[in-house]
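In the working numbering, the protein residues as written are 12 to 210.
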Ligand SMILES: Nc1nc2c(ncn2[C@@H]2O[C@H](COP(=O)(O)OP(=O)(O)OP(=O)(O)O)[C@@H](O)[C@H]2O)c(=O)[nH]1
Ligand SMILES: [Mg+2]
């Protein structure tokens with residue numbers, strides 16, 4: 012008896028969002044299996060007084076349009092198309108385009124500037140796009156329990172909170188794996204085909 016013919020993996024769109032300088036570009040770059048597309052520009056005088064650089068002494072570039080990367084989850088039969096948003100308020104107009112058709116989102120957060128996560132959280136809540144919160148751990152950040160972050164961000168019960176290091180592939184793959192679970196549940200609820208995915 013022959014086995015089922017191989018099926019092409021399904022494409023799943025995931026948005027990587029969050030406040031300014033939380034590590035979105037770093038995240039997409041570390042998890043992507045292709046050379047990521049970046050649209051970073053050097054921060055110039057235009058950023059002065061606009062961007063909070065006090066906690067980001069090494070930061071010289073900022074995303075002005077989007078990041079793009081890709082990651083295949085062979086066992087799940089899914090190829091994740093990753094769209095990273097710009098973090099600065101003045102590029103918010105890009106978000107609608109980048110989030111169109113997204114099956115799930117990763118909201119990256121920095122506990123030193125947790126308030127900066129609210130716009131992204133509100134945004135995906137408003138669009139009814141499932142999301143998780145991934146705390147990008149910076150060395151001088153306080154160690155919080157996931158429960159503390161969950162309540163500080165006033166998240167609904169079904170929103171997972173994870174910790175990660177945006178520079179480390181195993182860590183970012185783990186976050187994406189969780190996002191894929193959310194995406195598949197969402198697509199199933201919408202009755203879109205998810206053949207082969209997480210079976
Ligand atoms: N220590 C540490 N530094 C990080 C980490 N992730 C990112 N960085 C640094 O933090 C800075 C911000 O990273 P980016 O990836 O550019 O952040 P972003 O969210 O894409 O920034 P915008 O596009 O400007 O909103 C860079 O200098 C990174 O090298 C991390 O996990 N730990
Ligand atoms: Mg960026």
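We put the CB at the ideal spot given by N, CA and C, even for glycine.
Only a predicted model underlies this, so the values are computations on that prediction, with no experimental measurement involved.
Item: Alpha carbon to alpha carbon, how far is residue 54 from residue 33?; Value: 16 angstroms
Item: Does DSSP put residue 186 in a helix, a strand or coil?; Value: helix
Item: Report yes or no: do the segment 45-52 and the segment 63-82 share at least 3 C-beta pairs separated by less than 8 angstroms?; Value: yes
Item: How should residue 12 be labelled, buried or exposed, when 16 other C-beta atoms within 10 angstroms of its C-beta is the threshold for buried?; Value: Note that residue 12 has pLDDT 49, beneath the 50 cutoff, so the model's placement of it is unreliable and the number below is only indicative. Its Cβ having fewer than 16 others within 10 Å, residue 12 is exposed.
Item: Between residue 44 and residue 101, is the Cβ-Cβ spacing less than 9 angstroms?; Value: no
Item: Could you give the distance in angstroms between the alpha-carbon of residue 168 and the alpha-carbon of residue 190?; Value: 16 angstroms
Item: Pick helix, strand or coil for residue 210, following the three-state DSSP scheme.; Value: The pLDDT assigned to residue 210 is 49, lower than 50, so where the model puts this residue is not dependable, and the model offers no usable value.
Item: Near residue 210, which residues of its chain fall below 7 angstroms by C-beta distance, leaving aside the five closest residues on each side in sequence?; Value: Unreliable positioning characterises residue 210 in this predicted model, as indicated by a pLDDT of 49, which lies under 50. A coordinate reading is not provided.
Item: For residue 7, name the three-state secondary structure that DSSP assigns.; Value: Past the edges of the chain, shown from 12 to 210, lies residue 7, and the structure says nothing about it.
Item: When the Cβ atoms of the segment 143-152 are set against those of the segment 108-120, are three or more pairs found closer than 8 angstroms?; Value: yes
Item: How big is the Cα-Cα spacing for residue 213 and residue 152?; Value: The requested residue 213 is not part of the displayed model; the chain covers only 12 to 210.
Item: Going by the beta-carbon positions, is the gap between residue 99 and residue 149 smaller than 9 angstroms?; Value: no
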